[in-house]
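**Q**
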Amino acid sequence: MKILFLHTLASNITLFKPLAATSLPKHDIFHDVQESFLSNIRKTGPTPSIVKQIQGYLNQQLTQGYDFIVCTCSTLGPIVDAYPDNRVFRVDRPMAEQTIGYSQILVAVTLESTIEPTRTLLESCNNHSQFEFLFIPAAWEHYVAGSTQAFNSSIANTITEHRTHSTNRYDAILLAQASMAYALADCQFDITVLSSPQSCLNYLEKQLE
171 MKILFLHTLA SNITLFKPLA ATSLPKHDIF HDVQESFLSN IRKTGPTPSI
221 VKQIQGYLNQ QLTQGYDFIV CTCSTLGPIV DAYPDNRVFR VDRPMAEQTI
271 GYSQILVAVT LESTIEPTRT LLESCNNHSQ FEFLFIPAAW EHYVAGSTQA
321 FNSSIANTIT EHRTHSTNRY DAILLAQASM AYALADCQFD ITVLSSPQSC
371 LNYLEKQLE
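This note's numbering puts the first residue of the sequence shown at 171, with every later residue one more than the last.
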């Protein structure tokens with residue numbers, strides 16, 4: 171099988187390449203970066219012209235013989251969901267489906283444009299749990315600058331501080347963006363931490379058995 175991972179930041183290749191090689195060793199894995207998809211949506215929102223551009227890209231890639239296309243950018247999620255071919259799917263959907271086993275979930279986000287696409291996805295997959303969003307804007311600038319440790323620390327420290335002052339009793343933490351998986355080692359909490367890259371790869375592995 172040929173599987174294409176669509177990224178909007180080149181640094182996500184570094185994250186996904188070893189994970190995909192380990193989880194899907196028998197398949198041909200490819201990566202492509204389209205930074206303008208994210209930057210344009212952040213500037214103007216998902217305008218019809220941007221949606222058309224992304225759909226055209228997906229059409230072209232499928233005609234080149236890819237069996238699956240995984241979009242690793244949560245901001246593009248609604249466009250991917252609306253695409254009429256189930257060979258194309260968003261990286262965070264398997265993770266969202268895992269939330270059904272939890273009642274109160276803290277959703278950490280580092281990019282504002284991700285909040286509503288993630289909220290819509292979570293509520294469509296699970297209308298029983300309660301989701302509280304925690305926006306960590308300082309972290310994203312670290313990620314773009316390539317300061318991974320500062321990015322990771324910002325996420326972990328903000329979550330810790332929030333839990334310290336919150337009266338809510340969370341039973342899971344969800345790292346909304348795939349890039350936030352870099353912070354998993356720093357997010358060693360006493361409750362479950364969900365992230366999308368490995369959840370997605372586990373899903374793909376089962377689909378390809």
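For each residue, glycine too, the CB sits at the ideal point set by N, CA and C.
#1: Taking Cβ to Cβ, would you say L174 is nearer than 7 Å to Q231?
#2: Which first and last residues belong to the beta strand (DSSP E) in which E302 is found?
#3: Does the structure place the segment 338-356 close enough to the segment 271-281 that three or more beta carbon pairs sit under 8 Å?
#4: If we ignore side chains and look at the alpha-carbon of each, how far apart do G226 and Y253 end up?
#5: Does the distance from the CB of H385 to the CB of M171 come in under 7 Å?
#6: Per DSSP, which one or two residues make a beta bridge with F175?
#7: Here's the rule: buried if 16 or more other CB atoms are within 10 angstroms of the residue's CB, otherwise exposed. What is R260?
#8: Look at the alpha carbon of Q368 and the alpha carbon of L189, and state the distance between them as a whole number of angstroms.
#9: Find the nearest neighbour of P287 within the set C243, I325, A191, judged by alpha-carbon distance.
#10: Counting C-beta neighbours from all protein chains within 10 Å, is the total for R263 16 or more, i.e. buried, or is it exposed?
#11: Could you spell out the range, first to last residue, of the beta strand (DSSP E) harbouring F359?
#12: Under a Cβ-count criterion, where at least 16 other Cβ atoms within 10 Å of its own Cβ denotes burial, should H298 be classed as buried or exposed?
#13: Compare the Cα-Cα distances from S341 to each of F186, G271, D237 and report the closest residue.
#14: Within the continuous beta strand (DSSP E) that includes A278, where are the two ends?
#15: Using only alpha-carbon positions, find the residue among I329, P307, N256 that is nearest to F236.
#16: Which whole-angstrom value describes the C-beta separation of S283 and A308, a residue pair presumed to lie in contact below a C-beta threshold of 8 Å?
#17: Could you check the C-alpha separation between L228 and T337 for me, to the nearest Å?
#18: Is Q300 buried or exposed, if buried means 16 or more other CB atoms sit within 10 Å of its CB?
**A** Result, derived from the coordinates:
#1: As a position in the sequence shown, residue 174 is number 4, starting the count at 1. As a position in the sequence shown, residue 231 is number 61, starting the count at 1. Yes.
#2: Here residue 302 refers to the residue found at position 132 when the sequence shown is read from its first residue. Here the beta strand (DSSP E) through E302 covers 300-305.
#3: yes
#4: The sequence position of residue 226 within the sequence shown is 56, counting from 1. The sequence position of residue 253 within the sequence shown is 83, counting from 1. Rounded to the nearest angstrom, the two C-alpha atoms are 10 Å apart.
#5: The structure shown does not extend to residue 385, since the chain is modelled only from 171 to 379, so the question has no answer here.
#6: Residue numbering aside, residue 175 sits at position 5 when the sequence shown is read from its first letter. DSSP lists H201, V240 as partners of F175.
#7: To locate residue 260, count along the sequence shown from 1; it is residue 90. Buried is the call here.
#8: The count along the sequence shown starts at 1 and reaches residue 368 at position 198. The count along the sequence shown starts at 1 and reaches residue 189 at position 19. Rounded to whole angstroms, Q368 to L189 spans 7 Å at the Cα level.
#9: The count along the sequence shown starts at 1 and reaches residue 287 at position 117. The option with the nearest alpha carbon to P287 is C243.
#10: By 1-based counting over the sequence shown, the position of residue 263 is 93. Buried is the call here.
#11: Looking up residue 359 in the sequence shown gives position 189. Here F359 belongs to no beta strand (DSSP E), and DSSP marks it neither H nor E.
#12: The count along the sequence shown starts at 1 and reaches residue 298 at position 128. Exposed: under 16 other Cβ atoms inside 10 Å.
#13: By 1-based counting over the sequence shown, the position of residue 341 is 171. Residue 341 is actually Asp in this sequence, not Ser. When only C-alpha atoms are compared, the closest one is G271.
#14: Within the sequence shown, residue 278 is the residue found at index 108, counting from 1. Start and end: 274-279.
#15: Along the sequence shown, read from residue 1 onward, the residue named residue 236 stands at position 66. As written in the sequence, residue 236 is Tyr, which differs from the Phe given in the question. Considering only alpha carbons, the answer is N256.
#16: Translated into positions along the sequence shown, residue 283 becomes position 113. Translated into positions along the sequence shown, residue 308 becomes position 138. Incorrect: roughly 16 Å between the Cβ atoms, too far for contact.
#17: Taking the sequence shown and counting its residues from 1, one reaches residue 228 at position 58. Taking the sequence shown and counting its residues from 1, one reaches residue 337 at position 167. When rounded, the distance between both Cα atoms is 44 Å.
#18: As a position in the sequence shown, residue 300 is number 130, starting the count at 1. Exposed.
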